[in-house]
Amino acid sequence: MKFNRPDNISDNAYLVLEQVCDNYLLNDSVEFEDFSNIDLSLEDMRKAFQELHDKRFVFYHNDLGGEYLYALDRVVYLVRDYQNKYLNKQ
Numbered sequence: 471m472k473f474n475r476p477d478n479i480s481d482n483a484y485l486v487l488e489q490v491c492d493n494y495l496l497n498d499s500v501e502f503e504d505f506s507n508i509d510l511s512l513e514d515m516r517k518a519f520q521e522l523h524d525k526r527f528v529f530y531h532n533d534l535g536g537e538y539l540y541a542l543d544r545v546v547y548l549v550r551d552y553q554n555k556y557l558n559k560q
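When you read off a place in the sequence shown, starting at 1, and then add 470, the result is the number in the working numbering.
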């Protein structure tokens, strides 16, 4: 999904954010489990997750119990704005 890039996020964070938005758009789910489409090292991916967490696009948690990434309201609004602008113009 292509949308206006939010200010002040890195290229890697934008790549992850696109995947999270695609997941929400296709599955209507805020939980994001499939990271296979993201071509980044594990370290770079986790840095991008943390950056998006710090900027309140996602909730990211990583501990011994597991690694979790959930889209927050800002992602939902990005997807809904995208749908309203582009998908509903048909």
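Beta carbons: idealized from backbone N, C-alpha and C, even for Gly.
Around the Cβ of TYR547, a 10 Å sphere holds fewer than 16 other Cβ atoms; the residue is exposed.
Minimum Cα-Cα distance from VAL528 among the listed residues GLY535, LEU534, LYS517 corresponds to LYS517. GLN489 counts as buried, since no fewer than 16 other beta carbons sit within 10 angstroms of its beta carbon. Under the DSSP assignment, GLU537 falls in the beta strand (DSSP E) whose first and last residues are 536–541. Taking a C-beta distance under 8 Å as the contact criterion, ARG526 and LEU510 do not qualify as a contact pair.
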